[in-house]
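Novice: Right, I'll just put the structure down here and ask away after.
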Amino acid sequence: ALVAAAKKQEIVRAVVSRGGRPDLAGQYLDKVRAPTLFIVGGNDRPVIGMNQEAFDKLKMKDKKIEIVPGATHLFEEPGKLQDVARLACGWFERYLH
56 ALVAAAKKQE
66 IVRAVVSRGG
76 RPDLAGQYLD
86 KVRAPTLFIV
96 GGNDRPVIGM
106 NQEAFDKLKM
116 KDKKIEIVPG
126 ATHLFEEPGK
136 LQDVARLACG
146 WFERYLH
């Protein structure tokens, strides 16, 4: 999604990454202009670090990392996927109105 957001800035208006590896978008991160939300499980330490590194390379002002407390990589714990859905919906509602 981040590579698409960098390459198709006129089309992609918001991005949400859930427990992903945004660091893999590497060279494209500084070209992303769409508001971007990274959602990461609080118990997913390696992925938190990867998301923070990618976050720091984003140049737009509308960016955020949300850490879901008590969640692991797949957000399999009770209620955690609902937390992700709520965060993602809120982000899209804010930027895709």
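Here my numbering = 1-based position in the sequence shown + 55. Glycine residues also receive a C-beta, built at the ideal position from the N, C-alpha and C atoms. It should be emphasised that the depicted structure is a prediction, and the values quoted were computed from it without experimental measurement.
#1: Check whether the segment 95 to 104 touches the segment 56 to 65, counting contact only when three or more Cβ pairs, one atom from each stretch, lie closer than 8 Å.
#2: Taking the CB atoms as reference points, tell me whether tyrosine 150 and alanine 69 lie closer together than 7 Å.
#3: For lysine 118, name the three-state secondary structure that DSSP assigns.
#4: What does a CB cutoff of less than 6 Å around valine 71 pick up in its chain, not counting 5 residues either side in sequence?
#5: For arginine 73, which of helix, strand or coil comes out of DSSP?
#6: Could you check whether valine 87 and leucine 57 sit closer than 7 Å to each other, using their CB atoms as the reference points?
Specialist: Straight from the coordinates:
#1: no
#2: As a working note, residue 150 is residue 95 in the sequence shown. As a working note, residue 69 is residue 14 in the sequence shown. It is a contact, given that the beta carbons lie within the stated cut-off.
#3: For this step, residue 118 is matched to residue 63 along the sequence shown. In this structure, lysine 118 counts as strand in the three-state DSSP scheme.
#4: Locating residue 71 in the sequence shown gives position 16, where the first residue counts as 1. For valine 71, where only same-chain residues beyond five positions count, the Cβ hits under 6 Å are Leu92, Ala143, Trp146.
#5: Walking along the sequence shown from the start, residue 73 turns up at place 18. In this structure, arginine 73 counts as strand in the three-state DSSP scheme.
#6: Reading the sequence shown from its first residue, position 2 is the one you call residue 57. Reading the sequence shown from its first residue, position 32 is the one you call residue 87. Going by C-beta atoms, leucine 57 is nearer than 7 Å to valine 87.
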